[in-house]
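Beneath this line is the structure, given in structure tokens, with notes to follow.
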Amino acid sequence: MTFKDFNFNEQLTEGLLSMGYKTPTAIQQSAIPVVMEGKDVIACAQTGTGKTASYLLPVLNLIGEHPNHQIKALILAPTRELAQQIDQQVEGLAYFTEISSQAIFGGGDGIAYEQQRRGIDNKVDILIATPGRLISFLASGSLKLNHLQYLILDEADRMLDMGFQEDIMRIISHLPAKRQTLLFSATMPGKIRQLARTILNEPEQINIAISQPASGINQQIYKVHDEQKTKLLVSILKSGAFNSIIIFSSTKDRVKSLNKELKSAGLKVDAFHSDIKQSEREDILLDFKNKTLPIIIGTDALSRGIDVEGIDLVVNYDVPPDPEDYIHRIGRTARAATTGTAITFVNQRDFRRFQSIQQLIDREIEEVTLPPEFGEAPKFKADANNRPRRGRGNNRNNNRNRKPGSGPKQQAKGQ
Ligand code: AMP
2 MTFKDFNFNE QLTEGLLSMG YKTPTAIQQS AIPVVMEGKD VIACAQTGTG KTASYLLPVL
62 NLIGEHPNHQ IKALILAPTR ELAQQIDQQV EGLAYFTEIS SQAIFGGGDG IAYEQQRRGI
122 DNKVDILIAT PGRLISFLAS GSLKLNHLQY LILDEADRML DMGFQEDIMR IISHLPAKRQ
182 TLLFSATMPG KIRQLARTIL NEPEQINIAI SQPASGINQQ IYKVHDEQKT KLLVSILKSG
242 AFNSIIIFSS TKDRVKSLNK ELKSAGLKVD AFHSDIKQSE REDILLDFKN KTLPIIIGTD
302 ALSRGIDVEG IDLVVNYDVP PDPEDYIHRI GRTARAATTG TAITFVNQRD FRRFQSIQQL
362 IDREIEEVTL PPEFGEAPKF KADANNRPRR GRGNNRNNNR NRKPGSGPKQ QAKGQ
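Numbering (this note's numbering), first residue to last: 2 to 416.
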């Protein structure tokens, strides 16, 4: 299947080409025809699969038939970072069309609010919003959504986790009942199905590789004691095997202290967490995107939505508490059919969590033996009941004495 099969209008096809998309991804092949038929959709798809374009392309094509700068599509997203990234994809894909968009999200100052308000006043076809900020615009009476035709909920599971259920229902009460609604979620817990029953009309269900990391990710773990982690991390970062790196840690304090430790080890790195002003966060992300900043460290807030091409390494400094977050974290690398490496440090305390991840992804993750210069690695008692149902990874023993970071990618580079 190619994009030609969808018969998109000329301007949108030009946008697609300029974005460098050649072949539709699996979710795009499944979702685009259904959306174009006018059906509601509930889609289970993780980030990194091309899910954003799977709803943007058909909606842009349909709106492109009569662009009149009234808000016809509303995209709800859990975080400002995701809202901004969706907006950037709209701008790229719609570049050669008459369609305009505006992202509105909280967290900025009064000036940001005013800029967003003016953006809407300038008449847009597509609004991308975080629920809280949209509610305040609706409450002020400065925004009407009575021409709306398409409602899209992106990362619906995360929106519910963040407590946006009531806001979503309030927003929906401002929308025309006759509309097409598309719900995208990385996971499908009962509360999402319940929401879907309330807001979707005979939806078509699309499931793409539920909860599986992209196949291009080379996943590895090191078993370590806490005091071995930073030394090992510095050695991996200095190995020269990776150019664009995200490090995740579960707590803000750990992110801050690790930032200091890595800086004092001479590494060019910045931290990304909720205590940092939005303008600074944007600067850091921009530097990271432009590859002038090679390493960022963040909490799980960073794992959702960050859409930067060419990230070749994700390090989990600790095991994320929620196994789904593991998939989101490592999904920052190997975006859209490229390859990348994901390394996770597992200590005794996190071992059970790590086993839950293996169960979720239904495979055994390759273990790399800690090189002797870092001291002896811990030995964990394996929990027989907690092992993956079918271990597909059979290379646990092939990696003895491997240098940190010397995955297939580095070997390939060295050839
Ligand atoms: P998403 O899953 O929507 O977060 O998309 C992940 C990344 O894949 C983004 O950088 C998109 O620009 C990119 N992408 C989406 N669709 C395609 C495609 N058909 N071909 C190549 N890249 C794509």
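Ideal Cβ placement from N, Cα and C applies to all residues, glycine included.
Query, Result
"Cα-Cα separation, Q221 to V315", "10 Å"
"Coil, strand or helix - N260 by DSSP", "helix"
"Cβ-heavy atom distance, G107 to ligand 1, below 7 Å", "no"
"Three-state secondary structure assigned by DSSP to E367", "strand"
"Backbone secondary structure at I247 - three-state DSSP", "strand"
"Cα-Cα separation, P321 to D301", "8 Å"
"Stretch pair the region 124 to 133 + the region 65 to 84: three plus CB contacts closer than 8 Å", "yes"
"Any chain C beta carbon closer than 8 Å to S236", "Here chain C cannot be found, since the structure has a single protein chain."
"Reduced DSSP category for Q206 - H, G, I as helix; E, B as strand; rest coil", "strand"
"Residues near D308 in its chain [Cβ-Cβ closer than 6 Å; skip 5 each side]", "Q86"
"Stretch-stretch touch, CB-based, cutoff 8 Å, three pairs: the region 162 to 170 with the region 105 to 116", "no"
"CB-CB length for G65 against T98, believed under 8 Å", "5 Å"
"Alpha carbon of S174 to alpha carbon of Y22, nearest angstrom", "36 Å"
"Own chain residues within Cβ distance below 8 Å of T252, not counting five before or after", "T300"
"With 16 other Cβ atoms within 10 Å as the buried cut-off, status of D276", "exposed"
"Pair within 8 Å by beta-carbon distance, L294 and K269", "yes"
"Cβ pair count under 8 Å reaching 3, the region 32 to 51 against the region 195 to 208", "yes"
"Reference D254; option with closest CA among S245, A266 and F273", "F273"
"Contact set for Y96: own chain, Cβ-Cβ below 7 Å, skip 5 residues either direction", "G16 and S19"
"Distance, T188 Cα to E283 Cα", "28 Å"
"Straight-line Cα distance separating I328 from K292", "24 Å"
"Unbroken beta strand (DSSP E) run spanning D271, endpoints", "V270 to F273"
"Proximal residues to Q79 (C-beta, below 6 Å), its chain only, five neighbours per side dropped", "Position check: residue 79 holds Pro in this sequence, whereas Gln was assumed. E156, R159, M160 and M163."
"G16, enclosing beta strand (DSSP E) - first and last residue", "Unbroken run through G16 is the alpha helix (DSSP H), E11 to M20; no beta strand (DSSP E)."
"From E374, D323 and P379, residue whose alpha carbon lies closest to that of I362", "D323"
"Cα-Cα separation between L152 and P373, rounded to whole angstroms", "55 Å"
"Coarse secondary structure for Y223, derived from DSSP in three states", "strand"
"Simplified DSSP state of T199, which is helix, strand or coil", "helix"
"Own chain partners of L183 with C-beta closer than 6 Å, once the 5 adjacent residues on each side are dropped", "V42, Y56 and I153"
"Coil, strand or helix - S236 by DSSP", "helix"
"Straight-line Cα distance separating I331 from I366", "13 Å"
"Alpha helix (DSSP H) runs contained entirely in the region 65 to 97, provided each spans 4 or more residues", "81 to 94"
"Exposure of A54, with buried meaning 16 or more beta-carbon neighbours within 10 Å", "buried"
"Distance between I172 and L58 (C-alpha atoms, nearest Å)", "24 Å"
"Beta-carbon proximity of T340 to G217, cut-off 8 Å", "yes"
"DSSP beta-bridge partners of G299", "F249 and F273"
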